[in-house]
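There are 4 protein chains.
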Amino acid sequence: MPAMLIIYTTLRGRTGQMVAPIQEAIEGEGVSCTVRRVEEVTWEEMQAADGIIVGTPTRFGGIDWQLKRLFDVTAYQDYPGPLAGKVGGAFTAGSRPGSGAELALLNTIHVLLNHGMIVQGNAFGAHYGPVWQRGLTDEEIVETCRRWGHLWAHLELRLAGERPPAERAAGHH
Amino acid sequence: MPAMLIIYTTLRGRTGQMVAPIQEAIEGEGVSCTVRRVEEVTWEEMQAADGIIVGTPTRFGGIDWQLKRLFDVTAYQDYPGPLAGKVGGAFTAGSRPGSGAELALLNTIHVLLNHGMIVQGNAFGAHYGPVWQRGLTDEEIVETCRRWGHLWAHLELRLAGERPPAERAAGHH
Amino acid sequence: MPAMLIIYTTLRGRTGQMVAPIQEAIEGEGVSCTVRRVEEVTWEEMQAADGIIVGTPTRFGGIDWQLKRLFDVTAYQDYPGPLAGKVGGAFTAGSRPGSGAELALLNTIHVLLNHGMIVQGNAFGAHYGPVWQRGLTDEEIVETCRRWGHLWAHLELRLAGERPPAERAAGHH
Amino acid sequence: MPAMLIIYTTLRGRTGQMVAPIQEAIEGEGVSCTVRRVEEVTWEEMQAADGIIVGTPTRFGGIDWQLKRLFDVTAYQDYPGPLAGKVGGAFTAGSRPGSGAELALLNTIHVLLNHGMIVQGNAFGAHYGPVWQRGLTDEEIVETCRRWGHLWAHLELRLAGERPPAERAAGHH
Chain A
1 MPAMLIIYTT LRGRTGQMVA PIQEAIEGEG VSCTVRRVEE VTWEEMQAAD
51 GIIVGTPTRF GGIDWQLKRL FDVTAYQDYP GPLAGKVGGA FTAGSRPGSG
101 AELALLNTIH VLLNHGMIVQ GNAFGAHYGP VWQRGLTDEE IVETCRRWGH
151 LWAHLELRLA GERPPAERAA GHH
Chain B
174 MPAMLIIYTT LRGRTGQMVA PIQEAIEGEG VSCTVRRVEE VTWEEMQAAD
224 GIIVGTPTRF GGIDWQLKRL FDVTAYQDYP GPLAGKVGGA FTAGSRPGSG
274 AELALLNTIH VLLNHGMIVQ GNAFGAHYGP VWQRGLTDEE IVETCRRWGH
324 LWAHLELRLA GERPPAERAA GHH
Chain C
347 MPAMLIIYTT LRGRTGQMVA PIQEAIEGEG VSCTVRRVEE VTWEEMQAAD
397 GIIVGTPTRF GGIDWQLKRL FDVTAYQDYP GPLAGKVGGA FTAGSRPGSG
447 AELALLNTIH VLLNHGMIVQ GNAFGAHYGP VWQRGLTDEE IVETCRRWGH
497 LWAHLELRLA GERPPAERAA GHH
Chain D
520 MPAMLIIYTT LRGRTGQMVA PIQEAIEGEG VSCTVRRVEE VTWEEMQAAD
570 GIIVGTPTRF GGIDWQLKRL FDVTAYQDYP GPLAGKVGGA FTAGSRPGSG
620 AELALLNTIH VLLNHGMIVQ GNAFGAHYGP VWQRGLTDEE IVETCRRWGH
670 LWAHLELRLA GERPPAERAA GHH
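Protein chains in written order, with the numbering used here: chain A, 1 to 173; chain B, 174 to 346; chain C, 347 to 519; chain D, 520 to 692.
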């Protein structure tokens with residue numbers, strides 16, 4: 001069973017609230033999902049995971065400094081190589097539209113790509129990852145997180161050579 | 174009197190609706206403001222302006238192709254130089270949070286910076302320019318457009334060596 | 347056999363020179379690779395491909411307007427959906443360091459992600475795709491293009507459930 | 520006399536080598552220029568400066584984590600407002616073309632814009648700020664740093680209502 005790892009930090013709690021629906025959606029697809037805060041995750045856990053999803057509060061159009069330190073320092077020790085070929089993804093909570101949430105998301109994705117990770121976009125909603133901004137209801141953000149959890153798990157299964165449960169149930173061969 | 178130029182195109186009308194409040198706010202500060210659609214603006218008008226504000230619909234995380242053509246082809250004929258030192262800015266209308274509106278805004282700003290233009294951010298609201306996304310009321314988006322119109326006019330006046338009317342009225346010397 | 351499609355345009359010929367080594371590397375891995383200029387590619391060809399690699403000259407920190415039109419207009423007709431789940435990638439030729447080549451590359455990748463495509467980074471060299479800038483020898487840029495061709499083909503094969511030839515030859519199971 | 524502040528950190532010494540030619544060029548235009556490492560700069564110095572130039576090593580397509588912490592934590596205490604209206608700029612040293620140097624530069628500029636700062640591009644060379652990459656000679660990078668130092672000083676003088684020395688000498692009125 002492929003294993004994913006969510007690493008996050010939260011400023012006012014909203015990024016933290018996005019973790020549970022993402023984790024549940026990933027596990028619902030038959031992919032294990034460990035959750036760690038930025039202060040507690042270990043380099044061994046990062047190397048062991050098949051995919052890493054990073055949750056950052058929107059901080060001045062970029063990734064939170066503690067998460068950046070994780071990649072600049074911790075993940076740098078054996079660079080390049082250890083994270084290459086893993087699935088990567090990001091989610092963020094900003095404030096109002098135009099507050100820099102998308103920039104923070106892409107800044108995070110650029111870090112993951114730099115490490116050689118594999119990232120998928122989504123044509124059907126939040127295109128680059130789940131974004132919480134004012135104007136979305138709680139139901140909408142939970143739904144967005146769930147859809148992205150499914151997408152990440154499906155990508156992980158596809159790369160592992162397995163079909164997602166939904167396709168199996170539907171009889172796709 | 175400094176002169177600004179708004180160049181825009183619109184897909185479903187929302188980017189177009191942002192033009193009037195921006196123009197009114199700029200003119201309210203004593204800066205003239207001409208509005209042109211991308212199909213009608215001339216290279217002479219662009220060169221004559223002291224500042225250029227570009228309004229683009231959010232198109233796949235980037236500037237609309239017609240506006241890009243304007244800078245890739247029309248503004249390229251005497252490049253580099255003609256637009257250097259002018260004030261630049263951008264605004265966009267996207268759909269829901271995460272739809273790429275901020276990326277489109279910054280992609281547009283990167284084009285303007287590449288031409289040597291001067292861009293200011295805003296610490297107090299939409300940080301990089303007015304962004305219309307679902308979840309903002311009409312009043313909020315008009316207010317955001319007005320504030321950015323003031324900011325662009327103030328920057329224009331400051332670069333022209335004049336104090337904005339508000340500061341004059343308040344007796345700042 | 348998975349099928350990739352390279353779509354490109356070139357300003358002074360350098361982006362065009364990057365096409366052949368990328369195509370050869372992709373085909374060398376057992377993946378077919380069709381090449382089309384932006385003026386000649388059809389929407390049917392784009393939909394039929396398992397992966398699309400876009401080559402753009404560096405134009406003011408962004409993708410060339412003709413390529414943008416292809417995605418804004420041609421690929422928009424059945425959006426969202428038709429390109430989702432395909433491999434995506436980009437390459438560019440700029441001038442000197444700082445000329446906007448990386449921004450053009452990422453702007454292009456953001457378009458592909460917006461369409462739901464799958465993008466991989468590279469920890470070992472040019473991190474986001476092949477970039478030609480002054481200071482690289484012809485041998486170096488050909489080598490970079492080849493490595494990226496291999497990476498894209500391997501990703502395509504992995505997603506198609508096949509092992510790349512190199513792994514098969516090495517006896518990996 | 521306007522006062523600028525350079526804040527930087529360096530990984531292997533190259534970003535640090537860019538500081539002196541930038542500082543000299545700024546001072547040569549009649550603008551004072553203080554230099555501080557990220558560990559030693561104070562919030563009072565940042566608030567007192569008329570302009571802030573940030574030098575970061577290229578770290579995974581983004582700003583160095585220590586510099587990010589400076590803006591996320593130190594500069595956040597009185598946010599929004601204290602840095603608004605100041606001149607901003609960035610420089611970076613990466614490795615080879617495609618190594619993420621431009622992304623790091625723009626990520627840094629996005630932070631400065633988010634704080635309300637004023638940023639200018641350059642049509643004539645490195646468009647977004649000085650970038651050191653393999654393939655540039657020492658003379659070229661020093662020349663690029665000097666030109667950007669002049670540009671930043673001129674923008675500072677223009678915003679302060681003064682003409683740069685070169686324009687005064689040339690008799691422009």
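All C-beta atoms, glycine included, are put in the ideal place defined by N, C-alpha and C.
These figures come from a predicted structure and were not determined experimentally.
- When Cβ-Cβ separations below 8 Å define contact, S445 of chain C makes contact with chain D.
- Membership of P194 of chain B in the alpha helix (DSSP H) is indicated by the continuous run V192 to G201.
- Under the Cβ criterion (8 Å, minimum of three pairs), the stretch 455 to 468 of chain C does not count as touching the stretch 600 to 615 of chain D.
- At least one C-beta of chain C is nearer than 8 Å to the C-beta of R653 of chain D.
- Neighbourhood of N122 of chain A in chain C, by CB distance below 9 Å: P426, A430, L459, N460 and G462, in chain order.
- Under the three-state reduction of DSSP output, I291 of chain B falls in the strand class.
- The CB of L501 of chain C comes closer than 8 Å to the CB of I118 in chain A, given here in chain order.
- In terms of beta-carbon proximity, F437 of chain C stays away from the interface with chain B, with every pair separated by 8 Å or more.
- Under the Cβ distance rule, Y527 of chain D does not count among the residues neighbouring chain C, no pair being separated by less than 8 Å.
- Under the three-state reduction of DSSP, R531 of chain D is assigned to coil, being neither helix nor strand.
- When DSSP states are grouped into helix, strand and coil, T483 of chain C belongs to the coil group.
- Under the three-state reduction of DSSP output, R69 of chain A falls in the helix class.
- The secondary-structure analysis by DSSP pairs L178 of chain B across a beta bridge with B:T207 and B:I225.
- In the structure shown, the three-state DSSP call for R269 of chain B is coil.
- Under the Cβ criterion of 8 Å, Y474 of chain C is counted among the residues facing chain A.
- Under DSSP, F264 of chain B shares a beta bridge with B:G228.
- The beta-bridge partner set that DSSP reports for W132 of chain A consists of A:A93.
- At a cut-off of 8 Å, the C-beta of R59 of chain A has a neighbouring C-beta in chain D.
- Taking C-alpha positions only, G440 of chain C is separated from T137 of chain A by approximately 44 Å.
- Identification of chain D residues near L276 of chain B by a Cβ-Cβ cut-off of 9 Å yields none; the smallest Cβ-Cβ distance measures about 11 Å.
- Residues of chain C whose Cβ lies closer than 7 Å to the Cβ of G161 of chain A are, in chain order, G507.
- Residue pairing by DSSP places G408 of chain C opposite C:R405 in a beta bridge.
- W562 of chain D and K587 of chain D have their alpha carbons spaced roughly 14 Å apart.
- Rounded to whole angstroms, the gap between the alpha carbons of L155 of chain A and M537 of chain D is 43 Å.
- Chain order gives the chain C residues near V650 of chain D as P443 and G444, where near means a beta carbon separation below 7 Å.
- Look at G431 of chain C here: in three-state DSSP terms it is coil, with no helix or strand label.
- Around the C-beta of V73 of chain A, fewer than 16 other C-beta atoms lie within 10 Å, and the residue is accordingly described as exposed.
- Rounded to whole angstroms, the Cβ separation of L157 of chain A and P2 of chain A is 7 Å, and the two are in contact under 8 Å.
- Nearest C-alpha to W667 of chain D among C:G444, C:Q423 and C:E386: C:G444.
- With distances taken between CA atoms, G462 of chain C lies nearest to C:Y425 out of C:Y425, C:N468 and C:G362.
- A Cβ of chain B is located within less than 8 Å of the beta carbon of R415 of chain C.
- Taken atom to atom, the span from the alpha-carbon of G619 of chain D to that of G203 of chain B is near 42 Å.
- Taking every protein chain shown into account, the CB of R96 of chain A has 16 or more other CB atoms within 10 angstroms, so this residue is buried.
- DSSP, read as helix, strand or coil, puts H673 of chain D in helix.
- At a cut-off of 8 Å, the C-beta of I22 of chain A has no neighbouring C-beta in chain D.
- In the assembly as shown, R405 of chain C is a buried residue. Its beta-carbon has 16 or more other beta-carbons within 10 Å.
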